[in-house]
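All remarks here apply to the structure that follows.
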Amino acid sequence: MRQRRTDSFLGWVVMTCLLALHAAAAPAPDQIKVERKGELLSLSWRDAEDQIQGVLTPAVPRPGEPLRLTLSVGNLQGPPFQGAVTVAFSREGVPGQVTRTLTRDAVGWSTEFVPDEPGTWDVDVRFLTTRPKAAHARFTVSEPPVPPIVWRVLLAIAGGLLLVRVLYAVTRRGVTPEHPIPPLPQAANPEATPGDAPADPEPGAAGPPAPAAPPVEPPADR
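Numbering (mature numbering (1 follows the signal peptide of the UniProt record, and there is no 0)), first residue to last: -25 to -1, 1 to 197.
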């Protein structure tokens, strides 16, 4: 009896954990599924009565570049939906930045929007059938990649600085306190000024005669 109660309790715990994991992995009822398909983002949503299909282009939105949203809203039963659809674009943490009410055109409900900053953005879709419906999708606006020419210029500058550093190290390698760089020879001055000191005589040359000693006078007689 005790063993059966233990098995029943363990089974209940396992089932509860599985249900919790499924609830955490499953998308929220109002979450529009976003999938990248080539050069566009595919949007899809459905409940028991209505569905939303749409595309968002380009697949990688950039700041300052327009992106286009096209939606198709339909009833699963009954006549086609012809009413208005409200969409709101907002950056994460800044709700309701741009809100527009769209009417059906030849391709559905469509509009263009230009994100001003990179980051995570939301688009909320609202419409009215048997009751008010609201769903939202999330997409990422990315910074444009650095052009290849910029990387080439940076690599060239880094290579030049490295070459200069190597050449400097090579030229300074033989210069030590014991072996300093010898001074450059100075050219002789062709014209000596009157105040210049006389040059040293060449070896073997006779110098100027020494001054004669004064004559010694004989002592006077006492």
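We put the beta carbon where it would ideally sit given N, CA and C, even for glycine. Here the structure is a predicted model, which is why all the values come from computation and not from measurement.
Ignore the nearest five residues each way along the sequence and tell me which others in residue i's own chain have a CB closer than 6 Å to its CB.
i	result
L44	L31, T86
H(-4)	Note on H(-4): pLDDT 37, under 50, position unreliable in the model; the coordinate value appears next. Excluding residues within five positions, none has a Cβ falling inside 6 Å.
W20	I7, I27, A110
V69	none
R75	V62, T86
Check the DSSP bridge columns for residue i and list the partner residues they point to.
i	result
S17	E10, V30
residue 240	The requested residue 240 is not part of the displayed model; the chain covers only -25 to 197.
E77	Here the sequence assigns Leu to residue 77, which means Glu is not the residue at that position. For L77, which the question treats as bridged, DSSP gives the partners V60.
Would you check whether the ligand ZN has a heavy atom nearer than 8 Å to the C-beta of residue i?
i	result
Q52	No copy of the ligand ZN appears in this structure; indeed no ligand is present at all.
Between which two residues does the beta strand (DSSP E) carrying residue i extend?
i	result
T95	94 to 103
E67	E67 -> no beta strand (DSSP E), and no H or E assigned at all.
R113	107 to 116
F56	F56 -> no beta strand (DSSP E), and no H or E assigned at all.
E40	That residue, E40, is in no beta strand (DSSP E); it is neither H nor E in DSSP.
T86	84 to 88
For residue i, which residues of its own chain have a beta-carbon under 8 Å away from its beta-carbon, when the five flanking residues on both sides are left out?
i	result
L46	L18, I27, Q28, G29, V60, V62, L77, G83, W84, S85, V100
S117	V35, P36, R37, P93
L15	V30, L31, T32, P33, A34
Taking C-alpha atoms, which residue in the options lies nearest to residue i?
i	options	result
G39	G134, L142, P119	P119
R80	F56, T95, T74	The displayed chain sequence assigns Asp, not Arg, to residue 80. Minimum Cα distance to D80 is reached at F56.
F114	P33, P54, Y143, D22	P33
A112	T105, T95, R140	T95
T105	V145, L138, G53	G53
D5	L16, D22, R11	D22
Apart from the five residues just before and just after residue i, which ones in its own chain have a Cβ nearer than 7 Å to its Cβ?
i	result
L103	G58
L51	E24, D25, Q26
L142	none
Confirm, please, whether the CB-CB distance from residue j to residue i is below 9 Å.
i	j	result
L42	V9	no
I7	A110	yes
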